[in-house]
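In short: position in the sequence shown from 1, add 3, done, that's our numbering.
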Amino acid sequence: MNNIVPHTYQVTKKDRNVKNGHSSFLLWFTGLSGSGKSTIANAVESELLKRNISTYTLDGDNIRKGINKDLSFSPDDRTENIRRIAEVSNLFIDAGIVVLAAFVSPYTKDRARIKEIVGRNNFIEVYVNTSLEECEQRDVKGLYKKARQGEIKNMTGIDAPYEAPTNPDIEVKTEELDVDAAVKKIMNLIEKIIKNE
Ligand code: ADP
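See the structure below:
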């Protein structure tokens, strides 16, 4: 590590942000499985695309099948999963992209670490707050049923904890707000941040 001397790049994040005409940051969606993280993140991304904002979404599909395919759902591996996602997000932010990340991310300490990795000003925490009862009723992926039957271990909400954010930047209660209303709420908050190159 001692011999890694950082190169001074000629093109900086600031240059990329000016070229794109918008800032770059991480919009982090946390909540139980089936709470609506991916649905809302995708709808926000579509809205951003309409405004010509450069975006990318990180989720279980593109991360767990690729860079993190060696990781399980044990507490240690969940922590490493989030750390790597935060580092990948950091690269995207540096590249000038608005990153949307939809992960259960059940531990407060792991979410605090994301903030440290990408920097407080680049991190917006969206708590997708849906009750376990509702998530279990939706059971989008059939995971809750399997967990109840003991076929899946370490299922957040069933036999693994979810530590809800106490002070999220945005809270979306999906049993009260539909997807469009959730998108509006999020867009309202990020509108000013996006313009700030
Ligand atoms: P997650 O990414 O959190 O695991 P998903 O977005 O995959 O959750 O699934 C959430 C499910 O809940 C979808 O089938 C979605 O249509 C449904 N849903 C119902 N109401 C809402 C809402 N207000 N916001 C987001 N999703 C909702």
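Heads up, the beta-carbon is just placed ideally off N, CA and C, and yes, glycines get one too.
Relative to Leu30, the option among Ile155, Ile56, Tyr165 and Val101 whose CA is nearest is Val101. Taking a cut-off of 8 Å for Cβ pairs, the stretch 48–63 and the stretch 94–109 touch, as three or more such pairs fall below it. Fewer than three Cβ pairs drawn from the stretch 18–27 and the stretch 152–167 lie within less than 8 Å of each other, which leaves the two stretches out of contact. As a beta-bridge residue in DSSP terms, Thr159 pairs with Ala163.
DSSP, reduced to helix, strand and coil, places Asn132 within a strand of the structure shown.
Looking at the DSSP output, Val175 bridges to Val131. Lys148 counts as exposed, since fewer than 16 other C-beta atoms from the protein chains shown sit within 10 angstroms of its C-beta. Around the Cβ of Glu136, a 10 Å sphere holds fewer than 16 other Cβ atoms; the residue is exposed. When DSSP states are grouped into helix, strand and coil, Val21 belongs to the helix group.
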